[in-house]
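Protein chains in written order, with this note's numbering: chain A, 8 to 284; chain B, 8 to 284. Yeah, the Cβ is synthetic: ideal placement off N, Cα and C, and Gly gets one too. Since the model is a prediction, treat every value here as computed from it, not as a measurement. Read through the structure below, which is laid out as structure tokens, and then see the notes.
Number of protein chains: 2
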Amino acid sequence: MRDVTEATATEAVLRTFAATSDGRLRQVMTSLVTHLHAFVREVEPTEAEWAAAIRFLTETGHMCDDRRQEFILLSDTLGVSTLVELINNRRQPGTTGTSVLGPFFVEHAPPPSDGVSLLRDGTRPTLRVHGRVAAPDGAPVAGAVMDMWQTAPNGLYDVQDPAQPAGNMRARLHTRADGGFDVLTVRPTPYTIPHDGPVGKLLAAAGRHPWRPSHLHVMIDAPGFRRLTTALYFDGDQHLDSDAVFGVKEALVVRPVPAAGGIDEVRFDFTLERAAA
Amino acid sequence: MRDVTEATATEAVLRTFAATSDGRLRQVMTSLVTHLHAFVREVEPTEAEWAAAIRFLTETGHMCDDRRQEFILLSDTLGVSTLVELINNRRQPGTTGTSVLGPFFVEHAPPPSDGVSLLRDGTRPTLRVHGRVAAPDGAPVAGAVMDMWQTAPNGLYDVQDPAQPAGNMRARLHTRADGGFDVLTVRPTPYTIPHDGPVGKLLAAAGRHPWRPSHLHVMIDAPGFRRLTTALYFDGDQHLDSDAVFGVKEALVVRPVPAAGGIDEVRFDFTLERAAA
Chain A
8 MRDVTEATAT
18 EAVLRTFAAT
28 SDGRLRQVMT
38 SLVTHLHAFV
48 REVEPTEAEW
58 AAAIRFLTET
68 GHMCDDRRQE
78 FILLSDTLGV
88 STLVELINNR
98 RQPGTTGTSV
108 LGPFFVEHAP
118 PPSDGVSLLR
128 DGTRPTLRVH
138 GRVAAPDGAP
148 VAGAVMDMWQ
158 TAPNGLYDVQ
168 DPAQPAGNMR
178 ARLHTRADGG
188 FDVLTVRPTP
198 YTIPHDGPVG
208 KLLAAAGRHP
218 WRPSHLHVMI
228 DAPGFRRLTT
238 ALYFDGDQHL
248 DSDAVFGVKE
258 ALVVRPVPAA
268 GGIDEVRFDF
278 TLERAAA
Chain B
8 MRDVTEATAT
18 EAVLRTFAAT
28 SDGRLRQVMT
38 SLVTHLHAFV
48 REVEPTEAEW
58 AAAIRFLTET
68 GHMCDDRRQE
78 FILLSDTLGV
88 STLVELINNR
98 RQPGTTGTSV
108 LGPFFVEHAP
118 PPSDGVSLLR
128 DGTRPTLRVH
138 GRVAAPDGAP
148 VAGAVMDMWQ
158 TAPNGLYDVQ
168 DPAQPAGNMR
178 ARLHTRADGG
188 FDVLTVRPTP
198 YTIPHDGPVG
208 KLLAAAGRHP
218 WRPSHLHVMI
228 DAPGFRRLTT
238 ALYFDGDQHL
248 DSDAVFGVKE
258 ALVVRPVPAA
268 GGIDEVRFDF
278 TLERAAA
């Protein structure tokens, strides 16, 4: 490894990981060094540009604390979170597609109840979401645990907003014997990812906006099935085709239709994938 | 960009940078996304592994402050700093090769003087380093500014060690009319890069050591020539072939020979590259 030149630099670094005993670490570092060096060779950063990259990473790290994860935002906005999610959720055809979990899921939402409302702050419901959870063969999945969470009309989740009662805009339901579920809520409000840090500056410099389109998060767990982490997106949102974090799938876009009592209605049926034996 | 799949995810992200007006940013982000996604597709990280990567970057950021730059250490130990340095210092054959600057250069070293000692703490000199600075055609370069800096016998630079007088183990010289220089010092002591942070943990997990071989930093500036940032490495150091930051070049390795008065001697001639017109 003496006499490292432009031609030999990558090979020299790779050789230092060749004897790493942890096979997975060896594989990851080998791939990382290969692709990182290929990037550097392609863009040929000036020393000032490389220093700017170091500063960007440092500021991104300094932005992270218990309530803010700027590196996850970076991963989200570069499509890496979605790519990792897709790789880890290859699903059989005919089952419902996944979508990004996001940072706002809360493990212990307020008391579970069936057929209820997500609204705990006195907001009048204007949307009914109902449907059925089924196996690939169409058999109903009874007693599946369904978590749903979304933003309030001010564009904030309860955990971001001390003015909302805890558990507002969240529910944990159990599907009925026929696999059915039925909840009342309002249409989720679109919001921006936090953009007052280095990642927001990068998006602005690149001419990208920080908006996520209106969506209702859904997570479904049932014994014998793979967990489904997904979201329903609402037709008509202007950012459906430019989601800042690349989460929208056409099959997850819903179109509310007017129903009785001034309440719009969305019907959506979920199909779970059977867990591997 | 609706309906992002494993097959289309990279293209979807690239499209968001296609309209970036800053051409260089567009080029860099396009290359970064391409290679970052290729890395993710190759290693297929689990969600737990991706979370561990986010934690590693966050801890690396939190380790950075005014006195510690953990992201530069990461860049150094992955060979990226050396690669960037090599790309930015393509030199004509016959001129002296470059080596990594490192984080310990001080712009305003104590008063310049010619033909002096680097030792300001009373250490007895045991090494003489002398030679000539010349142009590619052999013409002497008079009045070139030469900075030299190295570790003290305890393996620390003065800026790391409150017990050393400021400017210890540093000198700024001016070459004589014949291009000559001549300084007294001691053999630099090898040292480890800081390894009590995330980068040190990564090196340990990979089975790599954190040592840099014994070296004397040299920077030479002269009007009409490209700045030369380099270092002399000392033969016999056990880490010459496994420098943690990939800086050693065979042509920069020196072999001290015994001279008069119990002082070893190193002769090294530097050849500068002419600046572009």
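Taking the C-beta atoms as reference points, E77(A) is found nearer than 7 Å to V206(A).
Each residue's CA atom was taken as its position, placing H216(B) and A229(A) some 48 Å apart.
Each of A170(B), G109(B) and R139(B) was checked against the Cα of D128(B), and the nearest Cα belongs to A170(B). Take the alpha-carbon of G187(B) and the one of G104(B): they are about 19 Å apart. For the segment 26 to 84 of chain B, the continuous alpha helix (DSSP H) assignments of 4+ residues that do not extend past its boundaries occur at 30 to 50, 54 to 70 and 77 to 84, in sequence order. Closest by C-alpha distance to P220(A), out of V261(A), G214(A) and L209(A), is V261(A). In this structure, DSSP gives S221(B) a state outside helix and strand, which the three-state scheme calls coil. DSSP places L93(A) in the uninterrupted alpha helix (DSSP H) bounded by V87 to I94.
Burial of G68(A) is indicated by the presence of at least 16 other C-beta atoms within 10 angstroms of its C-beta. With a beta-carbon spacing of about 7 Å, P160(B) and V193(B) fall inside the 8 Å limit used to define contacts. Partner residues in the beta bridge of M153(A), as assigned by DSSP, are L180(A) and I227(A). In the three-state reduction of the DSSP assignment, P205(B) falls in the helix class, which pools H, G and I. Against chain A, a Cβ distance below 8 Å from F24(B) picks out A213 and R215. Counting of Cβ neighbours within 10 angstroms places R131(A) among the exposed residues, the total staying below 16.
In terms of Cβ geometry, T102(B) and E280(B) form a close pair [threshold 7 Å]. In this chain, E280(A) is not harboured by any alpha helix (DSSP H), its DSSP state being neither H nor E. Looking at the backbone, the Cα of H224(A) and that of A59(B) are separated by about 24 Å.
Neighbours of F241(B) in chain A, taken as residues at a C-beta separation under 8 Å, are lacking, since the least C-beta distance is about 13 Å. If you check the CB distance, G138(A) and R274(A) come in under 7 Å. Judged by DSSP in its simplified three-state form, D189(B) adopts strand. The C-alpha of E56(B) is placed about 32 Å away from the C-alpha of D276(A). Around D244(B), the same chain offers P197, P220 and S221 as residues with beta carbons nearer than 7 Å, after the five sequence neighbours per side are excluded. Put simply, the backbone Cα of E272(B) is about 9 Å away from that of T133(B). Closer than 7 Å to the CB of T89(A) there is at least one CB belonging to chain B. Interface flag for L259(B) against chain A is unset, since no Cβ pair is found closer than 7 Å. One finds I61 in chain A with Cβ atoms closer than 7 Å to the Cβ of S82(B), taken in chain order.
Out of P100(A), V107(A) and L80(A), the CA that lies nearest to the CA of V91(A) is found in V107(A). The DSSP-derived three-state label of R233(A) is coil. Closer than 7 Å to the CB of H181(B) there is not a single CB belonging to chain A. When the beta-carbon positions are compared, M36(A) and F46(A) stay at least 7 Å from each other. Here G269(B) carries a helix assignment [DSSP, helix/strand/coil].
Between the alpha carbons of G145(A) and D250(A) lies a distance of about 32 Å. Taking V152(A) as reference, the option from N175(A), R62(A), A267(A) and E114(A) with the minimal CA-CA separation is E114(A).
Counted as a single uninterrupted DSSP element, the beta strand (DSSP E) harbouring A141(A) occupies residues L134 to A141.
Listed in chain order, the non-local C-beta contacts of F112(B) below 8 Å within the same chain comprise D154, W156, H224 and M226, local neighbours out to five positions each way being set aside. Of T89(A), P263(A) and D168(A), the smallest CA-CA separation from R9(B) is found for T89(A).
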